[in-house]
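The block underneath contains the structure these notes are about, expressed in structure tokens.
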Amino acid sequence: MRYQAIINSINRGTVSPVYLIYGEEEYLQEMLVKALQEKLVGSGIGAFNYDEIDGSKVETEEIAERAATFPLCAEKRLVVVKEPVFLAAGKREAGKQEAGKQDKLLCEYLENPSVSTCLVFWMKGSIDKRRKIVKLAEKAGALVEISSLKGKSLSDWIQQEAKLLGKRLEPKALEHLILNSGYGLRFLKNELEKLALYMGNEGTITYAAAEQVMTRTSESNIFNLVDNIGQKKIEKALLELRRILDNGEPAVKVLFMITRQFRLILQAKEQKLKGLSEKRITAELGLHPFVTGKVLRQAENFSFTELEEIMEWLLKKDVDLKRGIDAAVAIEGFIVDRR
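Just so we're aligned, residue 42 is where the sequence shown starts under the numbering used here, counting upward by one.
Structural data, given as structure tokens:
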């Protein structure tokens, strides 16, 4: 895992003069920047050698000037440029010539970066790799994409975090955490800490504890809702819907999530019919193996005819929403019709 390799490198004292960090997983990005802060800045006078810049408001030439500043009573300075929108995909197409003039000083800096500064560009999202600044940053240091963890990487991360808390996870408890990982790694980290406290001196986090203690995500609630629909448990499905709506989820979003779940079920069922293995279906749909298994189990509750009718109904309701129908009433009607 490239993220962990870079963290290990920083902890050993090997720090690149330039990092361009980007991608979907904000928590790991934050941890990488924190590792640099702890290694290079620390406390006391070190705080004078830390510079945080709002990349959405600053000119690139100012970034170059700050990066070229010498540290105070220390070996290195840390300059972090948060949300450098000038590197984002699709940005700065207008006024390209003027932008090029402004970027000249920063490009010159990146061609020969200061050994006494660690310059970090931190972009929560995608970047345009065609831009000269991006190419020079990669050549001068490290281009670090940190995407959302999936599959084995996600499982390994959860188990490692549990180990750091002195705990291990039952397989079903691990599955429960993954099925409730819709809010990202920060959410999972907090949930693991809650579970560790709940278990006390017990070394193993059980499924029963995870089910009782964990905050349920919208994705988990939708799984339960669809389970109940597929098993014709209409009263339970309506209660689950009411619970979701009472928790503040907009009915329009709930309808979207139901549509997404049934689309996954239909796709998984089609691929299973073609003879694809569960591992291949996981790769094709971009899911975690635990999620794929649950989707395939849900698919057994519906025929292709039922799924096609459901998708047709959901598509029609999407059109009706634009005409002002009540989404909550529509979903209730959909559930009742599944009898």
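The C-beta atom is built at its ideal place from N, Cα and C for all residues, glycine as well.
Owing to the predicted nature of the structure, the values given are computational and were not obtained by experimental measurement.
Looking only at its chain, what residues have a beta carbon closer than 8 angstroms to the beta carbon of residue i, apart from the 5 residues adjacent to it on each side?
{"i": "Lys320", "result": "Pro330"}
{"i": "Gln138", "result": "Because the pLDDT of Gln138 is 46, which lies under 50, any placement of that residue in the model is unreliable, and the number read from its coordinates should be weighed accordingly. Excluding positions up to five away in sequence, the list is empty."}
{"i": "Glu373", "result": "Leu279 and Leu282"}
{"i": "Leu317", "result": "Glu325"}
{"i": "Gln200", "result": "Arg209, Leu210 and Leu215"}
{"i": "Lys230", "result": "Tyr68 and Glu202"}
{"i": "Gly244", "result": "Gly207, Lys208 and Arg209"}
{"i": "Cys159", "result": "Val56, Ser57, Pro58, Val59, Tyr60, Leu77, Leu81, Lys117, Arg118, Leu119 and Val120"}
{"i": "Pro154", "result": "Pro58, Val59, Ala108, Leu160, Ala181 and Gly182"}
{"i": "His217", "result": "Tyr248, Ala251, Glu252 and Met255"}
{"i": "Lys123", "result": "Glu93, Ile94, Asp95, Gly96 and Trp163"}
Thinking residue i and residue j are a contact (beta carbons under 8 angstroms), I'd like their distance in whole angstroms, please.
{"i": "Gln302", "j": "Val267", "result": "5 angstroms"}
{"i": "Pro371", "j": "Leu280", "result": "Looking at the sequence shown, residue 371 is not Pro but Ala. Ala371 to Leu280, Cβ: 18 angstroms. No contact."}
{"i": "Gly96", "j": "Pro125", "result": "3 angstroms"}
{"i": "Glu211", "j": "Tyr239", "result": "Not really, about 14 angstroms apart at Cβ, beyond 8 angstroms."}
{"i": "Leu119", "j": "Phe89", "result": "Not a contact, Cβ separation roughly 11 angstroms."}
{"i": "Tyr60", "j": "Ala183", "result": "5 angstroms"}
{"i": "Leu128", "j": "Val99", "result": "With 8 angstroms as the limit, Leu128 and Val99 do not qualify as a contact, their Cβ atoms being about 13 angstroms apart."}
Alpha carbon to alpha carbon, how far is residue j from residue i? Give it in angstroms, no decimals.
{"i": "Gly365", "j": "Val56", "result": "56 angstroms"}
{"i": "Leu151", "j": "Ala251", "result": "48 angstroms"}
{"i": "Arg380", "j": "Glu276", "result": "10 angstroms"}
{"i": "Tyr63", "j": "Val185", "result": "6 angstroms"}
{"i": "Lys213", "j": "Ser157", "result": "49 angstroms"}
{"i": "Glu102", "j": "Ala130", "result": "20 angstroms"}
{"i": "Ala109", "j": "Ile94", "result": "14 angstroms"}
{"i": "Val377", "j": "Asn269", "result": "11 angstroms"}
{"i": "Glu149", "j": "Lys173", "result": "11 angstroms"}
{"i": "Asn265", "j": "Glu67", "result": "28 angstroms"}
{"i": "Lys146", "j": "Gln78", "result": "Checking the sequence, you will find Leu at residue 146 rather than Lys. Approximately 26 angstroms, taken between the alpha carbons."}
{"i": "Leu362", "j": "Glu179", "result": "46 angstroms"}
{"i": "Leu404", "j": "Arg171", "result": "A query on residue 404 cannot be resolved here, the shown segment of the chain reaching from 42 to 380 and no further."}
{"i": "Ile382", "j": "Lys358", "result": "A question about residue 382 goes unanswered here, because the residues of the chain that appear run from 42 up to 380."}
{"i": "Val161", "j": "Glu71", "result": "12 angstroms"}
{"i": "Leu328", "j": "Ser189", "result": "12 angstroms"}
{"i": "Asn52", "j": "Leu81", "result": "10 angstroms"}
{"i": "Gly54", "j": "Asn242", "result": "36 angstroms"}
{"i": "Ile219", "j": "Glu65", "result": "17 angstroms"}
{"i": "Glu232", "j": "Glu106", "result": "42 angstroms"}
{"i": "Asn288", "j": "Leu177", "result": "47 angstroms"}
{"i": "Ile351", "j": "Lys75", "result": "47 angstroms"}
{"i": "Lys294", "j": "Ala340", "result": "22 angstroms"}
{"i": "Ile48", "j": "Phe375", "result": "49 angstroms"}
With a threshold of 16 other CB atoms inside 10 Å of the CB of residue i, please say whether the residue is buried or exposed.
{"i": "Phe111", "result": "exposed"}
{"i": "Gly271", "result": "buried"}
{"i": "Thr256", "result": "exposed"}
{"i": "Ala46", "result": "exposed"}
{"i": "Lys315", "result": "exposed"}
{"i": "Thr346", "result": "exposed"}
{"i": "Met42", "result": "Model confidence at Met42 stands at a pLDDT of 48, short of 50, so the residue's coordinates are unreliable; what they give is reported in the following sentence. Counting Cβ neighbours within 10 Å, Met42 comes out exposed, since fewer than 16 surround it."}
{"i": "Asp197", "result": "exposed"}
{"i": "Thr323", "result": "buried"}
{"i": "Met310", "result": "Per the sequence presented here, residue 310 reads as Lys, with Met not at that position. Buried is the call here."}
{"i": "Val360", "result": "exposed"}
{"i": "Leu355", "result": "buried"}
{"i": "Leu195", "result": "buried"}
State the start and end residues of the unbroken alpha helix (DSSP H) segment that holds residue i.
{"i": "Ile352", "result": "The residue asked about is misnamed: residue 352 is Met in this sequence, not Ile. Taken as a continuous stretch (DSSP letters only), the alpha helix (DSSP H) holding Met352 covers Phe345 to Leu362."}
{"i": "Arg284", "result": "Ile275 to Asp287"}
{"i": "Lys170", "result": "Counting along the chain, Lys170 falls outside any alpha helix (DSSP H), and DSSP gives it neither H nor E."}
{"i": "Ala108", "result": "Thr101 to Ala108"}
{"i": "Ala183", "result": "Careful: Ala183 lies outside any alpha helix (DSSP H), inside the beta strand (DSSP E) at Ala183 to Glu186."}
{"i": "Val59", "result": "Unbroken run through Val59 is the beta strand (DSSP E), Val59 to Tyr63; no alpha helix (DSSP H)."}
{"i": "Glu311", "result": "Ala292 to Leu314"}
{"i": "Arg379", "result": "Run containing Arg379: none; DSSP gives neither H nor E here."}
{"i": "Lys98", "result": "Note, Lys98: premise wrong, no alpha helix (DSSP H); not H, not E."}
{"i": "Gln45", "result": "Arg43 to Asn52"}
{"i": "Pro330", "result": "Pro330 to Ala340"}
{"i": "Pro212", "result": "Pro212 to Leu220"}
{"i": "Leu195", "result": "Gly192 to Leu205"}
If you follow the beta strand (DSSP E) that residue i is part of, which residue opens it and which one closes it?
{"i": "Val161", "result": "Thr158 to Met164"}
{"i": "Lys123", "result": "Arg118 to Lys123"}
{"i": "Asp92", "result": "Tyr91 to Asp95"}
Going along the chain, which residues of its own chain have a beta-carbon closer than 7 angstroms to the beta-carbon of residue i, five neighbours each way excluded?
{"i": "Leu305", "result": "Leu326 and Val336"}
{"i": "Ser50", "result": "none"}
{"i": "Phe343", "result": "Gly271 and Ile306"}
{"i": "Ala292", "result": "Leu286, Ala368, Ala369 and Ile372"}
{"i": "Tyr44", "result": "Leu69, Leu73 and Ile187"}
{"i": "Glu290", "result": "Ser259"}
{"i": "Gln312", "result": "Ile322 and Glu325"}
I'd like the list of long-range same chain contacts for residue i, defined as Cβ closer than 6 angstroms, with 5 residues on each side in sequence excluded.
{"i": "Lys235", "result": "Val254"}
{"i": "Asn262", "result": "Ile285"}
{"i": "Ser167", "result": "Ala130"}
{"i": "Leu348", "result": "Leu307"}
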